[in-house]
Structures are given as C-alpha cells and as structure tokens.
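Numbering (this note's numbering), first residue to last: 1 to 473.
Worksheet for the structure shown next.
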Ligand code: FAD
Ligand code: AMP
C-alpha cells in the first residue's frame, strides 16, 4: 500500500513525487511515455517537448541571428554564419536527455518508485496500470493526478505531422521552411515563430482575435507587436483560419478577416491554438470524479477534487498552463497530505514569453485594477536609459511597477526588455514579502545591471527616479 500515487511525471508530478518521498511518504509515480529502449520517459511536456527544447532552440537561433545582425555593431566581422540545423537539434536532444535522466536519478536518490504504464483511477484507493504486456492494480491512500495537457487540434487544420504540425513537430523540423505559417499568436506561437524566423523562415502568424496578448499590460502588448513585426514576424490579427490543406507543393491556408476571405501558401504550418487537459481513459466511471466540459478536473484552491484523497495539479486543472505553477501545486498538495498547512500564492504566478526581448509580468495590470475600481500609481523606466542595457546593445523596451495609491504596496510588475523574466522574478520576491515601491527603491541594486531598471521604476512610482525626468504628481 502506497501513501501517494502520482499519475504523470511532468513538472507537476515529478516534483510532487520527490517532495512526497522527502516527507517520508511511500510514493510511486506512474508515467505512460517510454523511450526507444522501453524505459520511462520522465519529465512530461516541459522537459521533452515544451519549455526546455523550445528554450534550447530559442537560444541557438538567437545566437545565429545575433551573429548575422549584431556582431558587426561590436566591431566583430564573421561573414555569413553557416547553419548546421542537425547539430542544433542534436544539442537540443542532448539537453533534454540530460534533464530527463536527471529526473530518473532524482527518483532513485529520493526512493520514488517509477512505474511504467497508463494509469486509470478505479477509486480513491486503487489505480490500474496497463503497460505493453501486463496490467496490475496498485493500492494507495492518496492519488495525485498530474496528467498534464496536449496540443489542441482543430478540424479546419488537421495536423498530419508532415507539413501541418503542432508545437512538438515544430521543434523537430529538419530544414528551415522557406515560408512558415502559424495559427495562433499565443505564447507558443510567438516563441516558435521567433525560432524559425531567426533561422531564416518568412513567418506569417494568423490570429483570430483582434487584440494582441490580451493578458499583458496594454502598452507592452502594443510595443511588443511593433517590435516583433519589425523582427520579421508578420502578425495578422482578426484572421480566423477556416481551412488548411496540404498538397505536394505547399500547404494552402484560407482565412477570414472582416468578412473577406484570403489565401496563404506556406511550406509548413504550425497549429498553436492552445492545449487541452489529458483526461482520456484516466477515470473509471465508478470513481466518481468530475470533469468539466473542457476536460479539466475541477479543484479548489488546495487542488482537492470532489473525491476525498484524490488531488489534481498542473495543466489538468484550472489556471495558467505553466511549469512553475504546476510544480508549486505539487509541493502544496503533498505537504497537505503529510499534514502541513501549505497553500499557494496564485496571485504571484509570473508569466514569461521567451522571445527577444523577453516579455514578463506578475500581479495585476493597470486595466485589471481599473476594472476592479482600485486606486493605483505607476512608475516606468525605459531600458534605453539603463547603462548596462546600452552597453550590451539591448535597450529596447521598458519596465513598469504598479503600486497601491495609498499603501504603496506593489501590485504588479510588467516588463518588456533584456532579461525581463529574471528582473520580474525580483518583483515576485518583493511582492511575496509584501514590499512597497519605496522598499524596492531603498534596496541596493548592483551597478551596472539591467535590474537597475526595476529599482528606477520602483522609485519612479513616487516621483523619485534618478535617471529619468519624473512626471509631476
Ligand atoms: P505535463 O508536463 O504535460 O506532464 C504530464 C505527464 O503525464 C506526461 O508525461 C504524460 O505522458 C503523463 N500522463 C498523462 N496521462 C497519463 C496516464 N493516464 N497514465 C500515466 N501517465 C500519464 N511552461 C513554462 O512555465 N515555461 C515555458 O517556457 C514553457 N514553454 C513551453 C513550450 C512549449 C512548446 C509547450 C508545449 C509548453 C510550454 N510550457 C511552458 C508549458 C509547460 O510545459 C506545462 O505547463 C507543463 O509541462 C505542465 O506540467 P504537468 O506536469 O501538469 O503536465
Ligand atoms: P494560447 O491559448 O495562448 O496558446 O493561444 C492560442 C491562440 O490561437 C489564441 O489566441 C486563439 O485566439 C488562436 N486561435 C484559435 N483558433 C484559431 C483559428 N482558427 N485561426 C486563428 N487563430 C486561432
């Protein structure tokens, strides 16, 4: 009898399993994916076909584009760099396999039992595991569902894994497509579009909505849209794809914009229209667990489902589909199983788009605060006024700090610019400790760093920035 069975070994599941074992709970993690040698393929979407391989390609493609476009700014002449795409892909594979085997090592070190097979919940104490040639029922006191998500398929553009691909296929092109279409200007579409555009593709993004990055700060979304178009991502808003068919020569895409029908011919098409929760064949009817109309498992703030002792975390439940949110839920849940009073600061889950420059934010936007009728003040600082940003030649964008008008408590940090993800992370730490804009302004930042922009933006909230003219309050 196990104390905890975790279903799925993505960032939700493997982190939950490790922490459960650290807490002295007898834990097994069931994973259905396996590698070419028949061993468990641990790490889920994030390590295998998500966060990590996409960042490997974003970093490689950034270096390539930097060599072409910016080395000469520093007085370095290299001629036209030669692209070895198969070496770039091998590097990505090596990083993935280093990390996934790292999870296996962590399981061994922490005494988490790995079980290979497809898990199906019979009831709160029994899970059926089916592998290639066997099936067994495992007994447990608690079940943590961490079965994650998969790309959404749309009938108007069916993925054929050849020239119409999902995000997984887009991480594996063997050559740079001359013309690349992308359906969806969400985070994944923008990151993958950036990779292939930097490597030489002519990229067209078709987005059904009229608004670009609706979840981001309005001014940032506007600046990002302008910058990405300048970089060669041709982003078309209000364009709903109505069909896509593949012929020998090209993929023919039809889309509708304001009642007008247009065509686009591309060599490859990436369908990046979002992800859906993995709940297929996961629940025996008798187990009594609810699933909503979109397939998500409904949970409360502690990730408890409607069945006692069954918990659900990560992409399979509500909230942003992000690896760090998934992992933190995993830790919270197993700590609660172990009798601790853990909870999670859902308001402080940061978001990042790993383009260049990066886009990142935490907390509320001005628009959300205004809608809630809350009074606030803001301070902004442009990277063009940061000595370090200028020294590195990365001075596009700005950072904004939003604070409560009366208490000065920081309510949001929004950035578009160099190392935005790491800078906003400092805002997350400050907010976790309930810091005010003045607190951040009184904190000493190393000089010269791009993080100083956060310091200045925080000081600007109260009209005290040093390196820009402050607005009269
Ligand atoms: P998953 O990682 O999907 O893992 C679920 C696991 O459960 C899988 O291994 C699956 O095989 C297994 N499983 C499912 N059903 C069963 C079953 N019945 N029995 C046994 N095993 C089962 N997020 C970020 O925070 N930062 C990023 O930079 C980022 N980049 C991304 C880039 C791309 C291209 C994509 C696609 C996603 C990206 N994400 C990113 C999102 C991130 O990958 C997910 O939010 C995260 O992986 C969710 O973790 P999870 O553990 O809930 O699910
Ligand atoms: P995300 O959910 O952030 O990954 O973003 C997916 C994006 O795809 C959303 O902004 C959707 O509006 C967009 N989308 C979904 N279906 C279509 C379609 N048929 N044509 C164009 N864009 C679409």
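Here a beta-carbon is modelled for each residue, glycine too, at the ideal position from N, C-alpha and C.
Give me the Cα-Cα distance between residue 473 and residue 433, rounded to the nearest whole angstrom.
Along the chain shown, one-based indexing puts residue 473 at 473. Along the chain shown, one-based indexing puts residue 433 at 433. For residue 473, the pLDDT reaches just 49, beneath the cut-off of 50, and the residue's location in the model is therefore unreliable, leaving the point undetermined.
Give the single residue among 77, 16, 395 whose Cα lies nearest to the Cα of residue 449.
Taking the first residue of the chain shown as 1, we reach residue 449 at position 449. Of the candidates 77, 16, 395, the one whose C-alpha sits nearest the C-alpha of residue 449 is 395.
Let me make sure I understand the geometry here. Which of 303, 85, 110, 206 has the alpha-carbon closest to that of residue 145?
Along the chain shown, read from residue 1 onward, the residue named residue 145 stands at position 145. Measuring from the Cα of residue 145, the nearest candidate turns out to be 303.
Buried or exposed: where does residue 315 fall if 16 or more other Cβ atoms within 10 Å of its Cβ makes it buried?
Here residue 315 refers to the residue found at position 315 when the chain shown is read from its first residue. By the neighbour-count rule (16 or more Cβ atoms within 10 Å), residue 315 is buried.
Give every residue of the same chain whose Cβ lies closer than 7 Å to the Cβ of residue 367, excluding the five residues on either side of it in the sequence, and list them in chain order.
Here residue 367 corresponds to residue number 367 of the chain shown, with the count starting at 1. So the qualifying residues of the chain are 218.
Leaving out the 5 sequence neighbours to the left and right, which residues in its chain are closer than 6 Å to residue 428 when beta-carbon positions are compared?
By one-based count along the chain shown, residue 428 stands at place 428. Taken in chain order, the residues that qualify are 348, 350, 362.
Which of helix, strand or coil does DSSP assign to residue 473?
Counted from its first residue, the chain shown places residue 473 at position 473. Because residue 473 sits at a pLDDT of 49, beneath the cut-off of 50, its placement in the model cannot be relied upon, and the point is left open.
CB residue 405 to CB residue 378, shorter than 8 Å?
Indexing the chain shown from 1 puts residue 405 at position 405. Indexing the chain shown from 1 puts residue 378 at position 378. Contact: no.
Nearest to residue 273 by CA position, among 185, 192, 319, 215, is which residue?
Reading the chain shown from its first residue, position 273 is the one you call residue 273. The residue with the shortest Cα to Cα distance from residue 273 is 185.
Nearest-angstrom Cα distance between residue 58 and residue 68?
Start at 1 with the first residue of the chain shown, and residue 58 comes out as number 58. Start at 1 with the first residue of the chain shown, and residue 68 comes out as number 68. One C-alpha to the other measures close to 15 Å.
Which residue spans inside the stretch 153-190 form an unbroken alpha helix (DSSP H) run of at least 4?
Correct list: 167-170.
Specify, as a first and last residue, the run of the beta strand (DSSP E) that residue 66 falls within.
Locating residue 66 in the chain shown gives position 66, counting from the first residue. Per DSSP, residue 66 belongs to no beta strand (DSSP E); it is in the alpha helix (DSSP H), 51-69.
Should residue 166 be labelled buried (16 or more other beta-carbon atoms within 10 Å of its own) or exposed?
Counted from its first residue, the chain shown places residue 166 at position 166. With 16 or more Cβ atoms within 10 Å of its Cβ, residue 166 is classed as buried.
Please determine, among 243, 44, 464, 354, the residue with the shortest C-alpha to C-alpha distance to residue 327.
The count along the chain shown starts at 1 and reaches residue 327 at position 327. Looking at the Cα atoms, 44 is the closest of the given residues.
Should the stretch 203-216 be called in touch with the stretch 174-190, which here means at least 3 C-beta pairs below 8 Å?
Enough Cβ pairs lie closer than 8 Å, so yes.
How many angstroms separate the CA atom of residue 246 from the CA atom of residue 235?
By one-based count along the chain shown, residue 246 stands at place 246. By one-based count along the chain shown, residue 235 stands at place 235. So the two alpha carbons sit approximately 22 Å from each other.
If you count every other CB in all the chains shown that lies within 10 Å of the CB of residue 278, and 16 or more means buried, which is it?
Position 278 of the chain shown, counted from the first residue, corresponds to residue 278. Looking at its Cβ environment, which holds 16 or more other Cβ atoms inside 10 Å, residue 278 is buried.
Quick one: grab the DSSP three-state call for residue 354.
As a first step, residue 354 is located in the chain shown; it is residue number 354 there, counting from the start. Three-state DSSP puts residue 354 in coil, outside helix and strand.
Are the C-beta atoms of residue 437 and some chain C residue less than 8 Å apart?
Given the protein chain composition of this structure (a single chain), no chain C is represented.
Could you please give the first and the last residue of the uninterrupted beta strand (DSSP E) stretch that includes residue 264?
Here residue 264 is taken as the residue at index 264 of the chain shown, counted from 1. Run containing residue 264: 260-266, per the beta strand (DSSP E) assignment.
Where do the N-terminal and C-terminal ends of the beta strand (DSSP E) with residue 92 fall, by residue?
Stepping through the chain shown from its first residue, residue 92 is reached at position 92. Note, residue 92: premise wrong, no beta strand (DSSP E); alpha helix (DSSP H) at 85-109.
Do residue 222 and residue 201 have their CB atoms nearer than 8 Å?
Walking along the chain shown from the start, residue 222 turns up at place 222. Walking along the chain shown from the start, residue 201 turns up at place 201. No, Cβ-Cβ distance for residue 222 and residue 201 is not below 8 Å.
Could you pull out every unbroken alpha helix (DSSP H) segment of at least 4 residues lying fully inside the stretch 381-452, listed in chain order?
You should have 387-392, 420-432, 437-441.
Give every residue of the same chain whose Cβ lies closer than 7 Å to the Cβ of residue 220, excluding the five residues on either side of it in the sequence, and list them in chain order.
On the chain shown, residue 220 is found 220 positions in, with the first residue counted as 1. These residues qualify, in order along the chain: 359, 414, 416.
State the CB to CB distance for the pair residue 31 and residue 47, rounded to an integer number of angstroms; the pair is presumed to be in contact (CB under 8 Å).
Mapped onto the chain shown, residue 31 falls at position 31. Mapped onto the chain shown, residue 47 falls at position 47. About 12 Å; that fails the 8 Å criterion.
Could you give the distance in angstroms between the alpha-carbon of residue 364 and the alpha-carbon of residue 410?
Along the chain shown, read from residue 1 onward, the residue named residue 364 stands at position 364. Along the chain shown, read from residue 1 onward, the residue named residue 410 stands at position 410. Taking the straight line from one Cα to the other gives about 10 Å.
In three-state terms, what does DSSP make of residue 8?
Working through the chain shown from its first residue, we reach residue 8 at position 8. Residue 8 falls in the coil class under three-state DSSP.
For a test of the three-state rule: what should DSSP assign to residue 347, helix, strand or coil?
As a first step, residue 347 is located in the chain shown; it is residue number 347 there, counting from the start. Here residue 347 sits in helix by DSSP.
Under 8 Å between the Cβ atoms of residue 28 and residue 331?
Translated into the one-based positions of the chain shown, residue 28 becomes position 28. Translated into the one-based positions of the chain shown, residue 331 becomes position 331. No.
Between 252, 258, 187, 136, which has its C-alpha nearest residue 322's C-alpha?
In the chain shown, counting from the first residue as 1, residue 322 sits at position 322. The option with the nearest alpha carbon to residue 322 is 187.
Looking only at its chain, what residues have a beta carbon closer than 7 Å to the beta carbon of residue 195, apart from the 5 residues adjacent to it on each side?
In the chain shown, the residue the question calls residue 195 occupies position 195. Closer than 7 Å at Cβ, skipping near neighbours: 57, 58, 61.
Could you give the C-beta distance for residue 127 and residue 119, rounded to a whole number, given that I count them as a contact under 8 Å?
Working through the chain shown from its first residue, we reach residue 127 at position 127. Working through the chain shown from its first residue, we reach residue 119 at position 119. About 5 Å; that satisfies the 8 Å criterion.
By alpha-carbon positions, which one of 284, 343, 79 ends up nearest to residue 313?
For this step, residue 313 is matched to residue 313 along the chain shown. The option with the nearest alpha carbon to residue 313 is 343.
Below 8 Å, how does it come out for the stretch 147-155 and the stretch 1-21: are there three or more Cβ pairs, yes or no?
Short answer: they touch.
Would you identify the three-state DSSP class for residue 212, choosing helix, strand or coil?
One-based indexing of the chain shown puts residue 212 at position 212. In the structure shown, residue 212 sits in coil (DSSP, three-state: anything other than H, G, I, E or B).
What do you reckon, is the C-beta of residue 240 under 7 Å from a heavy atom of ligand 2?
In the chain shown, counting from the first residue as 1, residue 240 sits at position 240. Checking the Cβ of residue 240 against ligand 2 gives yes.
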